[in-house]
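Single-structure report; data block below.
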Amino acid sequence: QQQVKQSPQSLIVQKGGISIINCAYENTAFDYFPWYQQFPGKGPALLIAIRPDVSEKKEGRFTISFNKSAKQFSLHIMDSQPGDSATYFCAGGDYKLSFGAGTTVTVRA
Amino acid sequence: KAGVTQTPRYLIKTRGQQVTLSCSPISGHRSVSWYQQTPGQGLQFLFEYFSETQRNKGNFPGRFSGRQFSNSRSEMNVSTLELGDSALYLCASSLEGQGGDTGELFFGEGSRLTVL
Numbered sequence: 212q213q214q215v216k217q218s219p220q221s222l223i224v225q226k227g228g229i230s231i232i233n234c235a236y237e238n239t240a241f242d243y244f245p246w247y248q249q250f251p252g253k254g255p256a257l258l259i260a261i262r263p264d265v266s267e268k269k270e271g272r273f274t275i276s277f278n279k280s281a282k283q284f285s286l287h288i289m290d291s292q293p294g295d296s297a298t299y300f301c302a303g304g305d306y307k308l309s310f311g312a313g314t315t316v317t318v319r320a
Numbered sequence: 044k045a046g047v048t049q050t051p052r053y054l055i056k057t058r059g060q061q062v063t064l065s066c067s068p069i070s071g072h073r074s075v076s077w078y079q080q081t082p083g084q085g086l087q088f089l090f091e092y093f094s095e096t097q098r099n100k101g102n103f104p105g106r107f108s109g110r111q112f113s114n115s116r117s118e119m120n121v122s123t124l125e126l127g128d129s130a131l132y133l134c135a136s137s138l139e140g141q142g143g144d145t146g147e148l149f150f151g152e153g154s155r156l157t158v159l
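As given, the protein sequences belong to chains A and B, one line each in that order. One point on numbering: in this note's numbering, the residue at position 41 of the first sequence is 252, and numbering is uninterrupted. One point on numbering: in this note's numbering, the residue at position 60 of the second sequence is 103, and numbering is uninterrupted.
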């Protein structure tokens with residue numbers, strides 16, 4: 212049973228465009244919402260994270276938007292670059308992290 | 044600082060066999076978590092060990108087990124392998140565990156298991 216639902220499964224964006232990945236959760240005990248980035252042949256690595264008392268967090272070209280009442284959060288990648296091509300996982304955390312199924316992002320040059 | 048090291052990186056087994064995977068966490072990290080990664084399912088939590096004790100467990104059958112040693116190194120074992128066990132098994136370490144202040148997990152590159 213997936214506690215965090217992630218969409219889309221994959222997306223293709225042109226260089227310089229915006230990539231948007233959406234996640235929804237059910238468990239209201241989650242108090243930590245990270246995003247992990249995974250390149251082929253590598254393990255996932257923390258990209259950016261947010262706590263539920265904040266509605267938005269920005270780090271460089273990456274922004275998390277968080278809607279507590281809707282139990283949804285999203286990752287926006289601005290000015291997407293070929294080096295951003297990777298699989299992105301959202302997660303919700305209480306005593307453990309529950310991950311979404313992942314979104315494969317391909318940035319075309 | 045060395046990262047999380049997993050061995051072996053690749054292995055092939057046949058149905059009914061058993062397998063042991065090893066994980067060396069980042070020095071100083073006391074928590075080790077294991078995840079199973081399959082296409083379309085994302086990362087499924089197996090278990091977490093902290094100071095040699097299993098602290099949390101996911102919804103996997105008893106064929107999946109693990110342990111942690113006094114130096115924080117961890118092993119996971121899968122007995123009576125099934126075709127559906129083919130996956131990338133990821134180990135992650137953290138300072139205080141997934142419930143810690145930052146919750147950041149540091150992942151290894153995984154052990155890719157193929158069951159024939």
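Glycine included, each C-beta is placed from N, C-alpha and C at the ideal position.
Cut-off 7 Å between Cβ atoms - residues of its own chain near residue i, not counting five sequence neighbours on either side
| i | result |
| --- | --- |
| Ala-235 (chain A) | Lys-216, Lys-282 and Gln-283 |
| Val-318 (chain A) | Val-224, Lys-226, Ser-291, Gln-292, Pro-293, Asp-295 and Ser-296 |
| Tyr-243 (chain A) | Ala-260, Arg-262 and Gly-304 |
| Ser-129 (chain B) | Leu-156, Thr-157 and Val-158 |
Beta-carbon neighbours of residue i, restricted to chain E and to distances below 9 Å
| i | result |
| --- | --- |
| Glu-147 (chain B) | In the structure shown, chain E cannot be found, because the protein chains are A and B. |
C-beta atoms of residue i and residue j nearer than 7 Å
| i | j | result |
| --- | --- | --- |
| Cys-134 (chain B) | Gly-151 (chain B) | yes |
| Gln-225 (chain A) | Ala-297 (chain A) | no |
| Leu-60 (chain B) | Leu-124 (chain B) | Here residue 60 (chain B) is Gln; the residue named in the question, Leu, does not match the sequence. The answer is yes: Cβ separation under 7 Å. |
| Gln-97 (chain B) | Phe-90 (chain B) | yes |
| Ile-259 (chain A) | Trp-246 (chain A) | yes |
| Phe-88 (chain B) | Gly-101 (chain B) | yes |
| Asn-233 (chain A) | Gln-214 (chain A) | no |
| Ser-74 (chain B) | Thr-48 (chain B) | no |
| Ser-266 (chain A) | Phe-273 (chain A) | no |
| Leu-138 (chain B) | Arg-155 (chain B) | no |
Cβ neighbours of residue i in the same chain (closer than 6 Å, five flanking residues each side left out)
| i | result |
| --- | --- |
| Ala-312 (chain A) | Gln-217 |
| Ala-240 (chain A) | Asp-305 |
| Lys-279 (chain A) | Pro-263 |
| Ser-221 (chain A) | Thr-315 |
| Thr-63 (chain B) | Glu-118 and Asn-120 |
| Leu-161 (chain B) | This structure cannot settle anything about residue 161 (chain B), because the visible part of chain B is limited to 44 through 159. |
| Phe-310 (chain A) | Phe-300 and Ala-302 |
| Gly-227 (chain A) | Asp-290 |
| Thr-50 (chain B) | Ser-65 |
Residue i in three-state terms, based on DSSP
| i | result |
| --- | --- |
| Leu-133 (chain B) | strand |
| Leu-126 (chain B) | helix |
| Gln-293 (chain A) | Checking the displayed sequence, the identity of residue 293 (chain A) turns out to be Pro instead of Gln. Residue state, collapsed to three classes: helix. |
| Ala-260 (chain A) | strand |
| Thr-239 (chain A) | coil |
| Gly-85 (chain B) | strand |
| Leu-148 (chain B) | coil |
| Asn-120 (chain B) | strand |
| Ser-266 (chain A) | coil |
| Phe-310 (chain A) | strand |
| Glu-91 (chain B) | strand |
| Ala-302 (chain A) | strand |
| Val-316 (chain A) | strand |
| Lys-216 (chain A) | strand |
| Leu-222 (chain A) | strand |
8 Å Cβ shell around residue i - same chain, five flanking residues per side excluded
| i | result |
| --- | --- |
| Leu-86 (chain B) | Tyr-78, Gln-79, Gln-80 and Leu-133 |
| Arg-52 (chain B) | Glu-152, Gly-153, Ser-154 and Arg-155 |
Taking beta-carbon pairs under 7 Å, can you tell me which members of the stretch 81 to 110 of chain B lie near chain A? Gly-83, Gln-84, Gly-85, Leu-86, Phe-88, Glu-91 and Asn-99
The stretch 304 to 316 of chain A: positions lying closer than 9 Å to chain B by Cβ: Gly-304, Asp-305, Tyr-306, Lys-307, Leu-308, Ser-309, Phe-310, Gly-311, Ala-312 and Gly-313
Check distances from the C-beta atoms of the stretch 56 to 78 of chain B to those of chain A and list, in chain order, the residues that come in under 9 Å. Ser-76 and Tyr-78
When Cβ atoms are compared, which residues of the stretch 289 to 300 of chain A fall closer than 8 Å to chain B? Phe-300
Residues of the stretch 119 to 138 of chain B with a CB closer than 7 Å to any CB of chain A: list them in chain order, please. Leu-133
Hey, which unbroken runs of the beta strand (DSSP E) at 3 residues or more fall wholly within the stretch 58 to 85 of chain B? 62 to 67 and 74 to 81
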